[in-house]
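Everything below concerns the one structure shown next.
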Amino acid sequence: MQSFELDKTDVSKLKQAIGGDNELLKATLAEYHASEIAILFESISAEDRERIINLLDVEIASEVISEMHEEAHPEELLLQLHPDKRTEIVEELDYDDATDIISQLEEHEQKEILEDLNEDDASNIRNLMRYDEKTAGGLMNTEVIRINLNLNKKEAIDEIIRQSEEIEEFYTVYVVDENDIFKGIVSLKDIIKAKGNNKITEMVKADVVYVKAETDQEEVARLISQYNLTSIPVVDDDMKLLGLVTFDDVIDVLEDENTEDFLKISGVSEDEELSGNWVEAVKSRLPWLIINLGTAFLASAVVRHYEQTLDQLAILSA
Numbered sequence: 006m007q008s009f010e011l012d013k014t015d016v017s018k019l020k021q022a023i024g025g026d027n028e029l030l031k032a033t034l035a036e037y038h039a040s041e042i043a044i045l046f047e048s049i050s051a052e053d054r055e056r057i058i059n060l061l062d063v064e065i066a067s068e069v070i071s072e073m074h075e076e077a078h079p080e081e082l083l084l085q086l087h088p089d090k091r092t093e094i095v096e097e098l099d100y101d102d103a104t105d106i107i108s109q110l111e112e113h114e115q116k117e118i119l120e121d122l123n124e125d126d127a128s129n130i131r132n133l134m135r136y137d138e139k140t141a142g143g144l145m146n147t148e149v150i151r152i153n154l155n156l157n158k159k160e161a162i163d164e165i166i167r168q169s170e171e172i173e174e175f176y177t178v179y180v181v182d183e184n185d186i187f188k189g190i191v192s193l194k195d196i197i198k199a200k201g202n203n204k205i206t207e208m209v210k211a212d213v214v215y216v217k218a219e220t221d222q223e224e225v226a227r228l229i230s231q232y233n234l235t236s237i238p239v240v241d242d243d244m245k246l247l248g249l250v251t252f253d254d255v256i257d258v259l260e261d262e263n264t265e266d267f268l269k270i271s272g273v274s275e276d277e278e279l280s281g282n283w284v285e286a287v288k289s290r291l292p293w294l295i296i297n298l299g300t301a302f303l304a305s306a307v308v309r310h311y312e313q314t315l316d317q318l319a320i321l322s323a
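Heads up: the sequence shown begins at 6 in the numbering used here, then just goes up one per residue.
Dropping the structure here:
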């Protein structure tokens, strides 16, 4: 998750716009990132949140809801919305984000939302809800680019382009057999450089770090950090590919665990940290602000890299 901040001037400007008509509010919101709007939601009423979400395009609205902190209760905002708007937003969310939010609701509320979704989305979310939220299964996203190891270069490029129409951002191409058994990964660079008759099985990197669905989130975070991974595959006991956990999925885990350890070492409680003077607050938050900033830059660079590579793939496929 990228880190954004709102200063008092921004908050004042946005709240003033909330007091105006919808045209003014919509124009003002367009100046801000979804993460910044999510921060604003922490200090405005439930009615104003609903009004803003209804003014935003579905894509931006879903980003705002996915960026909301758990303490801001995005699930309650979803319930406020008209069923049609709510369904559009949930179907726009990544499956892992949708699962995290819907899991906070009562069973009858979950059922109400899931019944309105298309069959594929509802099935994927129900499947993810089976996993403990503090495991790889609870963190993972099932939307991954996967190709068969027997495809040749041209077939692989066509398949990647086809799948990328549904999966906007991806970091790795995963290789499976006809039974969806995980066989390794292949880089877009290797596919582009390969000869036309080369098969994926000749390019696949089989020696890959992976985790099981039940692996604890701290272990997932440790592996991603230790091996400098952008993502890590998640498999079941039969080695079938289930999904992936990305580096930004575990940043919050790393931050929470390290903050907790830091406070224990320092002999400071969380309440004391939150109520301390501003100098101490800055000292305690600075390392994690730097981590989040670095993650934001890394995420942006990775996405730009793969967007450029996809353009190259499209040219090669033409």
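For each residue, glycine too, the CB sits at the ideal point set by N, CA and C.
Taking the beta carbon of residue i as the centre, do at least 16 other beta carbons fall within 10 Å, making it buried, or is it exposed?
i      : result
GLY201 : exposed
ALA35  : exposed
GLN231 : exposed
ALA32  : exposed
ALA51  : exposed
SER236 : buried
ALA211 : exposed
LEU11  : buried
LEU3   : This structure does not reach residue 3, given that the chain is present from 6 up to 323, and the question cannot be answered.
ARG167 : exposed
GLY143 : buried
GLU183 : exposed
THR14  : exposed
ASN129 : buried
LYS188 : buried
ILE57  : buried
Checking contacts by CB at 8 Å: is residue i closer than that to chain B?
i     : result
GLN21 : Protein chains in the displayed structure number just one, and chain B is not present.
According to DSSP, what are the bridge partners of residue i?
i      : result
THR140 : ASP221
ASN146 : LEU249
SER236 : THR251
ILE186 : LYS245
DSSP state of residue i, grouped into three classes?
i      : result
ILE49  : coil
VAL214 : coil
LYS159 : helix
LYS200 : coil
ILE23  : helix
SER128 : helix
ILE152 : strand
VAL178 : strand
THR251 : strand
ILE172 : coil
SER192 : coil
VAL209 : coil
SER108 : coil
HIS87  : coil
ALA35  : coil
For residue i and residue j, which I take to be in contact (beta-carbon distance under 8 Å), what is that distance rounded to the nearest angstrom?
i      : j      : result
LEU154 : VAL209 : 6 Å
ILE65  : ALA43  : That pair is no contact at about 11 Å.
GLU97  : SER67  : 4 Å
LEU247 : MET145 : 6 Å
VAL225 : ALA141 : 5 Å
ILE107 : GLU124 : Not a contact, Cβ separation roughly 16 Å.
VAL181 : VAL191 : That pair is no contact at about 11 Å.
ASP221 : LYS139 : 7 Å
Counting only the same chain and skipping the five closest in sequence on each side, list residues whose C-beta sits under 8 Å from that of residue i.
i      : result
ASP53  : ILE23
GLU55  : LEU82, GLN85 and LEU86
ASP99  : SER71, ASN146 and GLU148
ALA199 : LYS158, GLU207 and MET208
Short of 6 Å in beta carbon distance, which residues of its chain neighbour residue i, apart from the five on each side in sequence? Order them along the chain.
i      : result
THR206 : LEU154
ALA127 : LEU119
Can you list, in chain order, the residues of its chain whose CB lies under 7 Å from that of residue i, leaving out five sequence neighbours each side?
i      : result
LYS18  : THR33
GLN115 : ILE107
VAL63  : GLU93, ILE94 and GLU97
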